[in-house]
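In our numbering, each residue's number is its place in the sequence shown (first place is 1) plus 1156.
All C-beta atoms, glycine included, are put in the ideal place defined by N, C-alpha and C.
All remarks here apply to the structure that follows.
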Amino acid sequence: TRADDSLLLDLVGADGKAWFYVDRLMYELIDENRTLAVRTMDLRISRALAERLGHADVADWAIADLEMTTEIQRQGSGNEPNGGGVYDWAGTPAPMGGVYEADLFMQAFTPQYSRCTGCTGVAASSQVVFTPSSTLINNVNDGTAVATIPGDPLGTSEALWTADIPWYQKFSGTFAPYNNDQHPYLIWNMYRVNPDGSIDQIGRSGVKHAFLTTNVACADGHGTNFHVLGRRCMDTYGTGNNDSSNDLGPRSEIIPATNEWGRCKSIYDINCDGVANASGNTQYSQRLIVAESQMAPATQPGASYLFESWYLAREDINIYNSMATKTVVPSWSGSIWNLGSGTNYRLGSALDRWVNLPAPAAQVAVQELVSSEGHVKVAVKVFDLGAGSWRYDYVVMNYDFARAVSVPGNFGLEVVHNYGFDRFTVPVAAGLSISAINFSDGDMNAGNNWTSINNATTVSWTAPVLPTPRPNVPAVLNPLNWGTMYRFSFVANSGAIAGGVSLHIAQGGTPQSLVANVLAPISDLVFANGFDAP
């Protein structure tokens, strides 16, 4: 054990050198405190070994996910520290007339290369997997607002009374407060900011199911249960564990606004009998995958990159401080890809960072749309190209919006589908010249691209239709679902004024569309200075 970190263990050889070390230990006491169960830990390359291998850049890389169980010696009564206590769940009355509220923070994360297939450094057909280790912290407030993440604009919670957050492993039983095995989830995304100022989401993961919290550095009296995250408690899911096929599932099984998992007929319970089955995942299932040509310096000269990691917790009052982004730099060594550890860490989403990036000769607008069905942001940058032309880059980030269809099953909820949006429409003035219409979902699959229509008064994009629709399910292929960003672009011979753009919801209901008031080319005048209204 290192003196400066009791959760970091050096593996020392007979020569006295630490060639490997383990960290990100997730452990609990089981069998009435007779057994220490380390559920996961990362085995990492030491700096000494990396230098000996001639690859200093792989120092601190996780190369394996380890587990361990061992008997322990007990003294005293041996009472179970994880025994059923009294918890301050979200909504529980708090002192001074308040209530306890959930507000989870992303404290830190580090992305890492995991594997690739067919990699050459530039191949469009390759599949490169990146996986982060992610550290969270529960809100620190106990009646007074104090910074949980000091120095960050989103680092202080509006929840003055911190709720405990349930953290029960899937298929582990029925527990308060939701009468199920509720737990948070993790997702991660990767983005490319192009030299022309546009942005594309070039990689997105599935859902990692959380299962245990080690509750490090908790407030006094909190963190005694490894399946309840207490006030000020921290926890880390390591790279190896976030890459575990036994803990990853598709986003389609989650109702994101409520963070409910459709366990019934999920990949872990395909026949809805309440008994876990093998997931069927491979090493490339549910992972964040990027094609090399999407990030290679040779094919993307001048581009920069953002990596984003999220936690999703039920009843979380602020989803934006549960996610964070950092700048990464992809590089190819001849055999592996490296992103570095990342720089410029900040709470919030990649879209927010893109909105705030300097954009010469561009006008910017953004609007958040919030409802009981989730959060969406629509942003636009209008670039003056000169010679009477302007490029409009509309970016829609669906954070957690879904008009989900679900049914109760004998052993849990079944999510039939959780579609977001299937059409995006921008008003344009009659007589304008519209060209260079473009759609980007970042996946390099032209077969699922949205089709565009330019008529006299609008430019719109529509998701393709499934070739074999299912009964009672919208016939939509590649809808704009939660955790996903799409870009819609065109060039017009008019500058922008305030205008409402429309998002059509794939599932029927009320409302059928959402409108964001941003910018659009809805004047038939070409303004000399580009952005002044007539």
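- The DSSP-derived three-state label of residue 1262 is strand.
- Inclusion of residue 1596 and residue 1550 in the CB contact set at 8 Å is not warranted, their separation being larger than that value.
- Per DSSP, residue 1632 lies in no alpha helix (DSSP H) segment and is marked neither H nor E.
- Judged by their CB atoms, residue 1283 and residue 1273 are nearer to each other than the 8 Å cut-off.
- Residue 1300 and residue 1244 have their C-alpha atoms spaced approximately 16 Å apart.
- For residue 1439, the three-state secondary structure derived from DSSP is coil.
- Under DSSP, residue 1641 shares a beta bridge with 1553.
- Only exposed fits residue 1314, as fewer than 16 other CB atoms lie within 10 angstroms of its CB.
- Excluding the 5 residues flanking it on each side, residue 1605 has same chain C-beta neighbours closer than 6 Å at 1595, in chain order.
- Secondary structure note for residue 1396: it is in no beta strand (DSSP E), and the uninterrupted alpha helix (DSSP H) holding it is 1395–1398.
- For residue 1208, the enclosing alpha helix (DSSP H) starts and ends at 1203–1209.
- At a Cβ-Cβ threshold of 8 Å, residue 1529 and residue 1413 count as neighbours.
- Annotation: residue 1574 to residue 1420 spans about 14 Å, alpha carbon to alpha carbon.
- Per DSSP, residue 1540 is one residue of the beta strand (DSSP E) stretching across 1530–1542.
- Our two residues, residue 1168 and residue 1496, have alpha carbons roughly 26 Å apart in a direct line.
- Only residues of its own chain outside the window of five on either side were considered, and among them 1299 have a CB closer than 8 Å to the CB of residue 1252, listed in chain order.
- Counting the other CB atoms within 10 Å of its CB gives residue 1346 a total of 16 or more, which places it among the buried residues.
- A straight line joining the alpha-carbon of residue 1623 with that of residue 1658 spans about 26 Å.
- Under the three-state reduction of DSSP, residue 1471 is assigned to coil, being neither helix nor strand.
- Boundaries around residue 1509 are those of the alpha helix (DSSP H), 1506–1512, since no beta strand (DSSP E) includes it.
- For residue 1341, the closest alpha carbon among the candidates 1500, 1608 and 1406 is that of 1406.
- Closest by C-alpha distance to residue 1416, out of 1322, 1607 and 1293, is 1322.
- With contacts defined as CB atoms closer than 8 Å, residue 1394 and residue 1289 qualify as a contacting pair.
- A distance of 8 Å or more separates the beta carbons of residue 1222 and residue 1175.
- Cβ-Cβ distances below 6 Å link residue 1390 to 1293, 1372 and 1373 in the same chain, with the five nearest sequence neighbours on each side left out; the list follows chain order.
- Put simply, the backbone Cα of residue 1629 is about 43 Å away from that of residue 1250.
- Note: residue 1365 is bridge-paired with 1341 in the DSSP secondary-structure output.
- The C-beta distance from residue 1558 to residue 1637 rounds to 7 Å, short enough to fall under 8 Å.
- For residue 1443, the closest alpha carbon among the candidates 1520, 1269, 1654 and 1618 is that of 1269.
- Rounded to whole angstroms, the separation of the alpha carbons of residue 1621 and residue 1305 is 44 Å.
- In the assembly as shown, residue 1607 is an exposed residue. Its beta-carbon has fewer than 16 other beta-carbons within 10 Å.
- Between residue 1484 and residue 1498, the gap from beta carbon to beta carbon is short of 8 Å.
- Around the Cβ of residue 1426, a 10 Å sphere holds fewer than 16 other Cβ atoms; the residue is exposed.
- The distance from the Cβ of residue 1428 to that of residue 1570 is about 7 Å, consistent with a contact at the 8 Å cut-off.
- A distance of 8 Å or more separates the beta carbons of residue 1450 and residue 1593.
- Linking residue 1330 to residue 1583 through their CA atoms gives a straight-line distance of about 51 Å.
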